[in-house]
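Peer 1:
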Amino acid sequence: RQWPDMVNNVATIYAESPSLANFPEGRPEYNNMTRHELAMLMVSIMSLAGMVGPYTHGVIAMGHRPLVEYEGHATHNIDVTRVWDALDLDDRDEIRR
Numbered sequence: 014r015q016w017p018d019m020v021n022n023v024a025t026i027y028a029e030s031p032s033l034a035n036f037p038e039g040r041p042e043y044n045n046m047t048r049h050e051l052a053m054l055m056v057s058i059m060s061l062a063g064m065v066g067p068y069t070h071g072v073i074a075m076g077h078r079p080l081v082e083y084e085g086h087a088t089h090n091i092d093v094t095r096v097w098d099a100l101d102l103d104d105r106d107e108i109r110r
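Going by my numbering, the sequence shown opens with residue 14, and the numbers climb by one from there.
Have a look at this one:
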């Protein structure tokens, strides 16, 4: 696949970093990856986390998507907009809680 130059540039920075300096390239237990391949994987994971995570947090916090349903808890039934609407924005202690 042809990746944008910016992605390759960031992956090169990661691959040449001290953190990956001792990565054992070409080992079967690491799927025979090179440092650059590992760095490309890191870039893709971090870009997803950086874009999808904040977006998902925002839509949940603003009430456009329900909270996750956990077994034994009715978290999916919480209307977060009612919580937001009930907050006294002038009370810093209440906001922190």
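Quick reminder that beta carbons are idealized off the backbone N, C-alpha and C, glycines included.
Of the residues LEU102, ASN21 and THR88, which one's Cα is nearest the Cα of ARG48?
Peer 2: Numbered from its first residue, the sequence shown carries residue 48 at position 35. Nearest option by C-alpha distance: ASN21.
Peer 1: Please check the pair VAL81 and HIS70, which I expect to be a contact at CB under 8 angstroms, by giving their CB distance rounded to whole angstroms.
Peer 2: Mapped onto the sequence shown, residue 81 falls at position 68. Mapped onto the sequence shown, residue 70 falls at position 57. That belief does not hold up - the Cβ atoms of VAL81 and HIS70 are roughly 12 angstroms apart, past 8 angstroms.
Peer 1: For ALA62 versus VAL23, is the C-beta spacing smaller than 9 angstroms?
Peer 2: Taking the first residue of the sequence shown as 1, we reach residue 62 at position 49. Taking the first residue of the sequence shown as 1, we reach residue 23 at position 10. Not in contact: ALA62 and VAL23 (Cβ atoms no closer than 9 angstroms).
Peer 1: Can you name the start and end residues of the alpha helix (DSSP H) that GLY39 belongs to?
Peer 2: Along the sequence shown, one-based indexing puts residue 39 at 26. Neither: GLY39 is in no alpha helix (DSSP H) and is coded neither H nor E.
Peer 1: Just tell me which of ASP92, ASN35, SER60 and TYR83 has its CA closest to the CA of ALA74.
Peer 2: Here residue 74 corresponds to residue number 61 of the sequence shown, with the count starting at 1. Minimum Cα distance to ALA74 is reached at ASP92.
Peer 1: PRO17 by DSSP, collapsed to three states: which one?
Peer 2: Here residue 17 refers to the residue found at position 4 when the sequence shown is read from its first residue. It is coil, neither helix nor strand.
Peer 1: Smallest Cα separation from LEU33: which of VAL65, VAL96, GLU107 and LEU54?
Peer 2: The residue given as residue 33 occupies position 20 in the sequence shown. Considering only alpha carbons, the answer is LEU54.
Peer 1: Quick check on DSSP: helix, strand or coil for ASP106?
Peer 2: The sequence position of residue 106 within the sequence shown is 93, counting from 1. Reduced to three states, the DSSP call for ASP106 is helix.
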